[in-house]
Structure formats: C-alpha cells, structure tokens
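To keep things clear, I will list the structure first and then write my remarks on it.
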Amino acid sequence: MGDAISGGKWAIDLLDVSAGGISFLSAAASPKDSTWLIRFELKGRTVRGVVRIVYCVKHSLADAYRLGAAFKDLEDQYLGVIHRYLNET
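Written out as structure tokens, the structure reads:
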C-alpha cells in the first residue's frame, strides 16, 4: 500500500527493491519529486518509510503507471529488512 503525503491511499504492486529504492505499479500517477509514505512486506517483514518519486510512466501493457522511487532517510531497522531480503534472494 502506498500513501501519498497528500492523504490519498493506493494499492501498489512492488516490482523491484534495492537498498536505494523501489519500483512499483500503481493505478495512480504521481509527479516527479513528489513524496509518498509507503508500506510493503518482504518475506513477511514490513518496511515503512518515505520515498521520493524519481519517475512515473504509463505502463505499456497494463492499465497502470510504473513508478520508481528513492528512499528518504529510511530507518535502520527497515534498511536491515531490505538487506536481509536481498541477501536471501
């Protein structure tokens, strides 16, 4: 689930995760440099934080947008969840 700071809520489909950010599909478009509060799970472990949208493009095959987002000051506990996930896969 992604929460735009403006207050709206949208379900997202996580596509990719790295220590620096995520990419995901969303029904909602979002302008570059906007910020979202995000929450997602990796193998049963929750990650929460703020991301800055780096890009947003209309998906060519789905009725959705593909967004790339960079983490902003992700808390160490959540960065640890991501590192463990990346090391397990």
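For the sequence shown, this note's numbering assigns the number 1244 to the initial residue and increments by one for each residue that follows.
Glycine included, each C-beta is placed from N, C-alpha and C at the ideal position.
heavy atom of the ligand SAM below 7 Å from residue i C-beta
{"i": "L1280", "result": "Only the bare structure without any ligand can be found here, which leaves the ligand SAM out of the picture."}
Coarse secondary structure for residue i, derived from DSSP in three states
{"i": "D1319", "result": "helix"}
{"i": "L1329", "result": "helix"}
{"i": "G1263", "result": "coil"}
Residues of its chain near residue i, where Cβ-Cβ distance is below 7 Å and the 5 sequence neighbours each way are ignored
{"i": "Y1321", "result": "V1290, R1291, G1292"}
{"i": "D1259", "result": "I1265, S1266"}
{"i": "A1312", "result": "G1264, I1265, W1279, V1294, R1295, I1296, V1297"}
{"i": "F1283", "result": "L1257, V1290"}
{"i": "D1306", "result": "none"}
Proximity of residue i and residue j at Cβ, strictly below 8 Å
{"i": "F1267", "j": "L1317", "result": "no"}
Expected contact under 8 Å - CB spacing of residue i and residue j to nearest Å
{"i": "A1271", "j": "H1326", "result": "Not confirmed; about 29 Å, so no contact."}
Neighbourhood of residue i by C-beta distance below 8 Å, restricted to the same chain and skipping five residues each side
{"i": "K1315", "result": "T1278, G1292, V1293, V1294, R1295"}
{"i": "R1288", "result": "V1324, R1327, Y1328"}
{"i": "Y1202", "result": "Residue 1202 is absent from the structure shown; the chain starts at 1244 and stops at 1332."}
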